[in-house]
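>
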Amino acid sequence: MENIAHFLFHGSLQDFLPRHQRQKWIPYSFSGAPALKDTIEALGIPHPEIGNIILNGQESGLLNSTPDGAKAEVFPVVPEGESGGLPPLQIKSPQPARFVLDVHLGKLARYLRLLGFDTLYENHYDDQTIAQISGQEKRIVLTRDIGLLKQKVVVWGYWLRSQQWEEQLREVIIRYGLKSQIQPFTRCMACDGRIAEVPKESVLPLLPPKTRIYFHEFYQCLKCHRVYWKGSHFDKMQGFLDRLHLRIS
1 MENIAHFLFH
11 GSLQDFLPRH
21 QRQKWIPYSF
31 SGAPALKDTI
41 EALGIPHPEI
51 GNIILNGQES
61 GLLNSTPDGA
71 KAEVFPVVPE
81 GESGGLPPLQ
91 IKSPQPARFV
101 LDVHLGKLAR
111 YLRLLGFDTL
121 YENHYDDQTI
131 AQISGQEKRI
141 VLTRDIGLLK
151 QKVVVWGYWL
161 RSQQWEEQLR
171 EVIIRYGLKS
181 QIQPFTRCMA
191 CDGRIAEVPK
201 ESVLPLLPPK
211 TRIYFHEFYQ
221 CLKCHRVYWK
231 GSHFDKMQGF
241 LDRLHLRIS
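In terms of full-length UniProt numbering, the sequence shown has 207 at position 207, counting the first letter as 1, and numbering is strictly consecutive.
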């Protein structure tokens, strides 16, 4: 005979549910005694998004078993940096924030690097590789793949609600309270390496002819040796940063 438990998901966790299951108790049939993590993830909610579970009126952990007849209310994580503490199942993210992104988020990766955040991205990473890197290097997983966040080794992760990279960037800054950590133009947008100011003479062979004449301040990636200067592209990036600041204020 199958067991039945009922679940009610609050706040942003409803983003993972079809509309007909939102704001109501959801019945779930199961056999044996699966962990709450497995039961909740079977309903579509990845564990890094869970901040608290109230099981039959008592706080519960993800690894506790799901009893027959259970009624469980599940609450989301909260944005870090807001007043008040974190819910009991939310583990504070690594400081400073470090990320690893899935293969569909190349543009988001570039702009996180522009803001100065250590961001790993390769278009050949599979889900298992991303999860392993996250666990080994204590990185936050950013993804549009809910299945990736369900892997046990993933401790910190966020499912991006938007499919538009500028809105995704805003989401990440707010979720992890990153406004005070932004350090623009300190990382290479191409490879994630650190950028340092260098003498003009040291990069002359790498510069276009007109750049050699009109610019005198240069920066170079210490990893891939790409050269940067404050030309028209810099002005566009600065304009983007000004717009972003308004959106996260």
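Beta carbons: idealized from backbone N, C-alpha and C, even for Gly.
1) DSSP puts S65 in a beta bridge; with which residues?
2) Are G59 and H10 close, meaning C-beta to C-beta below 8 Å?
3) Using the C-alpha atoms, what's the distance from F99 back to T186?
4) Hey, out of H104, I4, R19, Q164, whose CA is closest to V141's CA?
5) In terms of residues, what are the limits of the alpha helix (DSSP H) holding P205?
6) Using only CA atoms, which one of P67, R22, G57, P18 lies nearest to D38?
7) Taking A131 as part of the beta strand (DSSP E), name the residues at either end of that continuous run.
8) Check whether the Cβ atoms of I53 and L86 lie closer than 8 Å to each other.
9) So what's F215 in DSSP terms, helix, strand or just coil?
10) In whole angstroms, what separates the C-alpha of E197 from that of T119?
11) Evaluate K150 with the Cβ neighbour count: other Cβ atoms within 10 Å of its Cβ, from every protein chain shown; 16 or more gives buried, anything less gives exposed.
12) Apply the 10 Å Cβ neighbour rule to D192 and answer buried if 16 or more other Cβ atoms are within range, or exposed otherwise.
Working from what's here:
1) Per DSSP, A35.
2) Reading off the sequence shown, one finds Glu at residue 59, where the question assumed Gly. In this structure, H10 does not lie closer than 8 Å to E59 by Cβ.
3) Each residue's alpha carbon lies about 16 Å from the other.
4) Comparing Cα-Cα distances from V141 to each of H104, I4, R19, Q164, the minimum goes to H104.
5) Note, P205: premise wrong, no alpha helix (DSSP H); not H, not E.
6) Residue P67 is the option with its Cα nearest to D38.
7) Run containing A131: none in the beta strand (DSSP E); it sits in the alpha helix (DSSP H), 127 to 137.
8) Taking 8 Å as the Cβ cut-off, I53 and L86 do not qualify as a contacting pair.
9) Here F215 sits in coil by DSSP.
10) Taking the straight line from one Cα to the other gives about 21 Å.
11) Answer is buried; the Cβ neighbour count reaches 16.
12) Label assigned to D192: buried.
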